[in-house]
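Trainee: The structure's right below; bear with me while I get my questions together.
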Amino acid sequence: MTAPLYHSDHSPVKKLDYPHAHAGLWFDRFFNGFRQTGSDWIIPKPDDNQDAKRDWIKTVAGPVGSSEQLQTYAERKDCLVKHLGGRSQRYTTDWHFVTGMGNPHPVENGFSWHPTLGVPYLAGSAVKGLVRAWVESNEDGLSIAQQKARLKSWFGTASKDEVAEQAGGFMFFDAIPDQRPHLLCDIMTPHMGDWYSDGGQGDLKNPKAIPADWHEPLLVPFLAVKNARLVFSIAPRQPEFAEQLAQVFTALTSALEWLGAGAKTATGYGYMSLDERFLQEQAQDAERIAQQQRLSAMSSEQQQIDALRQKLQQKKNSKASELIGGPLYTELRQLVAQTTDWPAEAKLELLTVAKALVEFIGAQKNAKAKDLLKQLQ
Numbered sequence: 019m020t021a022p023l024y025h026s027d028h029s030p031v032k033k034l035d036y037p038h039a040h041a042g043l044w045f046d047r048f049f050n051g052f053r054q055t056g057s058d059w060i061i062p063k064p065d066d067n068q069d070a071k072r073d074w075i076k077t078v079a080g081p082v083g084s085s086e087q088l089q090t091y092a093e094r095k096d097c098l099v100k101h102l103g104g105r106s107q108r109y110t111t112d113w114h115f116v117t118g119m120g121n122p123h124p125v126e127n128g129f130s131w132h133p134t135l136g137v138p139y140l141a142g143s144a145v146k147g148l149v150r151a152w153v154e155s156n157e158d159g160l161s162i163a164q165q166k167a168r169l170k171s172w173f174g175t176a177s178k179d180e181v182a183e184q185a186g187g188f189m190f191f192d193a194i195p196d197q198r199p200h201l202l203c204d205i206m207t208p209h210m211g212d213w214y215s216d217g218g219q220g221d222l223k224n225p226k227a228i229p230a231d232w233h234e235p236l237l238v239p240f241l242a243v244k245n246a247r248l249v250f251s252i253a254p255r256q257p258e259f260a261e262q263l264a265q266v267f268t269a270l271t272s273a274l275e276w277l278g279a280g281a282k283t284a285t286g287y288g289y290m291s292l293d294e295r296f297l298q299e300q301a302q303d304a305e306r307i308a309q310q311q312r313l314s315a316m317s318s319e320q321q322q323i324d325a326l327r328q329k330l331q332q333k334k335n336s337k338a339s340e341l342i343g344g345p346l347y348t349e350l351r352q353l354v355a356q357t358t359d360w361p362a363e364a365k366l367e368l369l370t371v372a373k374a375l376v377e378f379i380g381a382q383k384n385a386k387a388k389d390l391l392k393q394l395q
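The numbering used here numbers the first residue of the sequence shown as 19 and each following residue consecutively.
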């Protein structure tokens with residue numbers, strides 16, 4: 019009987035040594051821990067020297083994904099979300115995070131991988147369910163009528179048992195890391211004997227089938243995220259829902275902080291906190307874009323004047339000094355020398371900045387400074 023997987027790869031591999039390879043494809047499809055016993059292929063039980071499941075998980079431990087691809091994806095998604103009138107927020111894991119453990123896999127516990135990026139992620143449907151769970155917990159103290167109205171408005175139905183007759187007011191996007199997440203081989207230690215596998219079907223007179231704490235713990239390895247930061251994006255489906263977007267993100271923040279996302283939340287996995295630095299980065303990006311748009315609407319003369327004005331303001335803010343012959347004054351003289359063909363409006367604007375600079379230097383009575391100002395009048 020042939021090996022159940024690719025014969026050429028049926029040899030021990032300690033690490034996936036291709037940094038741009040799809041770690042999820044490797045993890046899900048190339049497990050090589052099977053051994054032949056008679057006509058069957060089995061995964062040997064672990065011993066002191068070898069644990070096929072643990073060893074396979076460790077082949078993808080460490081950073082995964084491509085930084086360049088993650089950054090490109092984040093920028094493209096950000097453009098789409100903003101075009102739809104939505105916004106994004108980034109959250110960092112407080113501890114480990116795992117999702118997709120129910121996916122079939124030879125190591126017993128699966129893992130959710132993004133189909134193209136090869137990194138762990140949280141599907142948009144899971145994000146939507148997480149926000150809904152928080153609204154259903156009614157921590158905001160809404161009346162029953164208000165709670166049902168919010169559920170129907172945001173998610174399309176007031177109850178999960180209802181058949182949706184309308185789409186919810188918001189679109190929930192997949193939560194994707196914006197930098198390479200770090201994975202690790204984690205261990206769980208169930209100690210309930212055969213109860214987890216047989217449940218109430220086994221012979222309860224058999225001590226091994228009874229759920230009790232005297233059983234020897236079983237070491238079960240599984241793949242988890244050690245640390246990551248995920249970008250969550252939500253957009254209104256219609257413009258009239260835009261004013262409620264802040265409330266949706268408030269619910270999401272509370273849900274990630276108190277309910278957790280993914281599997282094993284009861285043991286501390288999946289809790290996340292809002293990353294304040296992301297908000298600062300967004301504000302800086304918005305300011306930079308606004309500055310670029312403002313400059314693009316200016317003439318070349320106005321751009322030079324604006325640059326000098328900003329440098330002067332920076333000097334004032336830092337309480338630095340400036341003298342005649344200093345860098346700012348020298349730049350002013352060079353600009354004045356170029357104003358021969360400037361329109362009158364540009365000269366007048368430069369004159370305003372020049373007067374402010376001369377006053378900052380304290381050279382109002384200096385003959386050279388006065389002559390420089392006269393050239394602009």
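We put the CB at the ideal spot given by N, CA and C, even for glycine.
Shortest alpha-carbon distance to Arg150 belongs to which of His233, Gly187, Asn127 and Thr357?
Mentor: Within the sequence shown, the letter at position 132 stands for residue 150. That would be Gly187, whose Cα lies nearest to the Cα of Arg150.
Trainee: Would Gly288 be called buried (16 or more neighbouring beta carbons within 10 Å of its own) or exposed?
Mentor: The count along the sequence shown starts at 1 and reaches residue 288 at position 270. Classification for Gly288: buried.
Trainee: List the whole-angstrom C-beta distance separating Phe240 from Met119, where the pair is believed to meet the contact cut-off of C-beta under 8 angstroms.
Mentor: The residue given as residue 240 occupies position 222 in the sequence shown. The residue given as residue 119 occupies position 101 in the sequence shown. About 7 angstroms separates the two Cβ atoms, so the contact holds.
Trainee: So Asp324 is in the alpha helix (DSSP H); what residue range does that whole segment cover?
Mentor: Locating residue 324 in the sequence shown gives position 306, counting from the first residue. Asp324 -> alpha helix (DSSP H) spans Ser318 to Asn335.
Trainee: Rounded to whole angstroms, what's the CA-CA distance from His200 to Val238? Just pull it up for me.
Mentor: Looking up residue 200 in the sequence shown gives position 182. Looking up residue 238 in the sequence shown gives position 220. So the two alpha carbons sit approximately 20 angstroms from each other.
Trainee: Rounded to the nearest angstrom, what separates Ile162 and Arg312 at their Cα positions?
Mentor: The residue labelled residue 162 in the question sits at position 144 within the sequence shown. The residue labelled residue 312 in the question sits at position 294 within the sequence shown. In a straight line, the C-alpha of Ile162 is about 49 angstroms away from that of Arg312.
Trainee: Give me the Cα-Cα distance between Pro257 and Lys329, rounded to the nearest whole angstrom.
Mentor: The residue given as residue 257 occupies position 239 in the sequence shown. The residue given as residue 329 occupies position 311 in the sequence shown. C-alpha separation (whole angstroms): 41 angstroms.
Trainee: Ignoring anything shorter than 3 residues or poking outside the region 339-371, list the beta strand (DSSP E) runs there in chain order.
Mentor: Entirely contained in the region 339-371, not one beta strand (DSSP E) run reaches 3 residues.
Trainee: Would you kindly check if the distance between the Cβ of Gly142 and the Cβ of Phe191 is under 8 angstroms?
Mentor: If you number the sequence shown from 1, residue 191 lands on position 173. If you number the sequence shown from 1, residue 142 lands on position 124. Contact: yes.
Trainee: Who are the Cβ neighbours of Gln382 in its own chain at under 7 angstroms, not counting the five residues just before and after it?
Mentor: Along the sequence shown, one-based indexing puts residue 382 at 364. Hits under 7 angstroms: Val376.
Trainee: State the Cα-Cα distance for the pair Gln310 and Asn121, rounded to the nearest angstrom.
Mentor: In the sequence shown, counting from the first residue as 1, residue 310 sits at position 292. In the sequence shown, counting from the first residue as 1, residue 121 sits at position 103. Roughly 47 angstroms separates the two Cα atoms.
Trainee: Over the uninterrupted alpha helix (DSSP H) stretch that includes Val149, give me the two end residues.
Mentor: Here the question's residue 149 lines up with position 131 in the sequence shown. Val149 -> alpha helix (DSSP H) spans Gly142 to Ser155.
Trainee: Look at the alpha carbon of Trp152 and the alpha carbon of Lys166, and state the distance between them as a whole number of angstroms.
Mentor: Walking along the sequence shown from the start, residue 152 turns up at place 134. Walking along the sequence shown from the start, residue 166 turns up at place 148. Straight-line Cα distance between these residues: approximately 13 angstroms.
Trainee: Comparing C-alpha positions only, which one of Trp172, Gln332, Asn245 and Ala182 sits nearest to Asp204?
Mentor: Walking along the sequence shown from the start, residue 204 turns up at place 186. The residue with the shortest Cα to Cα distance from Asp204 is Asn245.
Trainee: Is it true that the CB of Ile252 sits closer than 8 angstroms to the CB of Gly104?
Mentor: Translated into positions along the sequence shown, residue 104 becomes position 86. Translated into positions along the sequence shown, residue 252 becomes position 234. Yes, Cβ-Cβ distance for Gly104 and Ile252 is below 8 angstroms.
Trainee: Out of Leu369, Ile342 and Thr357, which has the shortest C-alpha to C-alpha gap to Ala385?
Mentor: Mapped onto the sequence shown, residue 385 falls at position 367. Comparing Cα-Cα distances from Ala385 to each of Leu369, Ile342 and Thr357, the minimum goes to Ile342.
Trainee: In this structure, what does DSSP give as the bridge partners for Thr55?
Mentor: Locating residue 55 in the sequence shown gives position 37, counting from the first residue. According to DSSP, which records beta bridges pairwise, Thr55 is partnered with Asp58.
Trainee: Quick check on Val243: buried or exposed, where buried means 16 or more other Cβ atoms within 10 Å of its Cβ?
Mentor: Residue numbering aside, residue 243 sits at position 225 when the sequence shown is read from its first letter. When all chains shown are included, Val243 counts as buried.
Trainee: In this structure, how does DSSP classify Thr482 when only helix, strand and coil are distinguished?
Mentor: Since the first and last residues shown for the chain are 19 and 395, residue 482 lies out of range.
Trainee: Within the same chain, show all residues whose beta-carbon is closer than 7 angstroms to that of Thr110, passing over the 5 residues directly before and after it, in chain order.
Mentor: For the purposes of this step, residue 110 is taken as residue 92 along the sequence shown, with counting starting at 1. Cβ within range, chain order: Arg247, Met290, Ser291 and Asp293.
Trainee: Rounded to the nearest angstrom, how far is the Cβ of Phe52 from that of Ile60, given a contact under 8 angstroms?
Mentor: As a working mapping, residue 52 is identified with position 34 in the sequence shown. As a working mapping, residue 60 is identified with position 42 in the sequence shown. Confirmed, Cβ separation roughly 7 angstroms.
Trainee: Anyone know if the C-beta pair for Thr117 and Ser106 falls short of 8 angstroms?
Mentor: Here residue 117 refers to the residue found at position 99 of the sequence shown. Here residue 106 refers to the residue found at position 88 of the sequence shown. No, they are not a contact pair.
Trainee: Using the C-alpha atoms, what's the distance from Pro254 back to Thr358?
Mentor: Here residue 358 corresponds to residue number 340 of the sequence shown, with the count starting at 1. Here residue 254 corresponds to residue number 236 of the sequence shown, with the count starting at 1. Taking the straight line joining both Cα atoms gives about 53 angstroms.
Trainee: In terms of DSSP beta bridges, what is Met189 paired with?
Mentor: In the sequence shown, the residue the question calls residue 189 occupies position 171. In DSSP, Met189 forms a bridge with Ala253.
Trainee: Among Leu202, Thr370 and Val371, which residue has its Cα nearest to the Cα of Val78?
Mentor: Stepping through the sequence shown from its first residue, residue 78 is reached at position 60. For the residues Leu202, Thr370 and Val371, the minimum Cα distance to Val78 belongs to Leu202.
Trainee: Counting along the chain, where does the alpha helix (DSSP H) carrying Lys95 start and finish?
Mentor: Residue 95 sits at position 77 when you count from the first residue of the sequence shown. Segment Ser85 to His101, the alpha helix (DSSP H) holding Lys95.
Trainee: Using beta carbons (cut-off 8 angstroms, strictly below), is Ala269 in contact with chain C?
Mentor: Given the protein chain composition of this structure (a single chain), no chain C is represented.
Trainee: Could you check the C-alpha separation between Asp58 and Ala279 for me, to the nearest Å?
Mentor: Start at 1 with the first residue of the sequence shown, and residue 58 comes out as number 40. Start at 1 with the first residue of the sequence shown, and residue 279 comes out as number 261. Looking at the two C-alpha atoms, the distance is approximately 39 angstroms.
Trainee: Are at least three pairs of beta-carbons, each pair with one atom in the region 339-354 and one in the region 386-394, less than 8 angstroms apart?
Mentor: Cβ pair count under 8 angstroms is three or more, so yes.
Trainee: How would you write the range of the alpha helix (DSSP H) that Lys76 sits in, first residue to last?
Mentor: By one-based count along the sequence shown, residue 76 stands at place 58. It spans Ala70 to Lys76 - the alpha helix (DSSP H) in which Lys76 sits, taken as one unbroken run.
Trainee: How about Pro195 and Leu88: are their beta carbons less than 8 angstroms apart?
Mentor: Along the sequence shown, one-based indexing puts residue 195 at 177. Along the sequence shown, one-based indexing puts residue 88 at 70. Contact: yes.
Trainee: Can you tell me the Cβ-Cβ gap for Ser84 and His123, rounded? I've got them flagged as a contact below 8 angstroms.
Mentor: By 1-based counting over the sequence shown, the position of residue 84 is 66. By 1-based counting over the sequence shown, the position of residue 123 is 105. That belief does not hold up - the Cβ atoms of Ser84 and His123 are roughly 23 angstroms apart, past 8 angstroms.
Trainee: From Ala315 to Ala269, what does the alpha carbon distance come to, in whole angstroms?
Mentor: Position 297 of the sequence shown, counted from the start, is the residue given in the question as residue 315. Position 251 of the sequence shown, counted from the start, is the residue given in the question as residue 269. Each residue's Cα considered, the two are about 40 angstroms apart.
Trainee: With a CB to CB cut of under 7 angstroms and the five nearest residues on each side skipped, what residues in its chain are close to Asp96?
Mentor: In the sequence shown, the residue the question calls residue 96 occupies position 78. If we look at Asp96 and ignore the five residues flanking it on each side, its Cβ neighbours are Ser106.
Trainee: In whole angstroms, what separates the C-alpha of Tyr139 from that of Ala308?
Mentor: As a position in the sequence shown, residue 139 is number 121, starting the count at 1. As a position in the sequence shown, residue 308 is number 290, starting the count at 1. Going from the Cα of Tyr139 to the Cα of Ala308 covers about 32 angstroms.
Trainee: Nearest to Thr134 by alpha carbon, out of Ala41, Leu353, Leu236 and His233?
Mentor: Looking up residue 134 in the sequence shown gives position 116. Answer by Cα proximity: Ala41.
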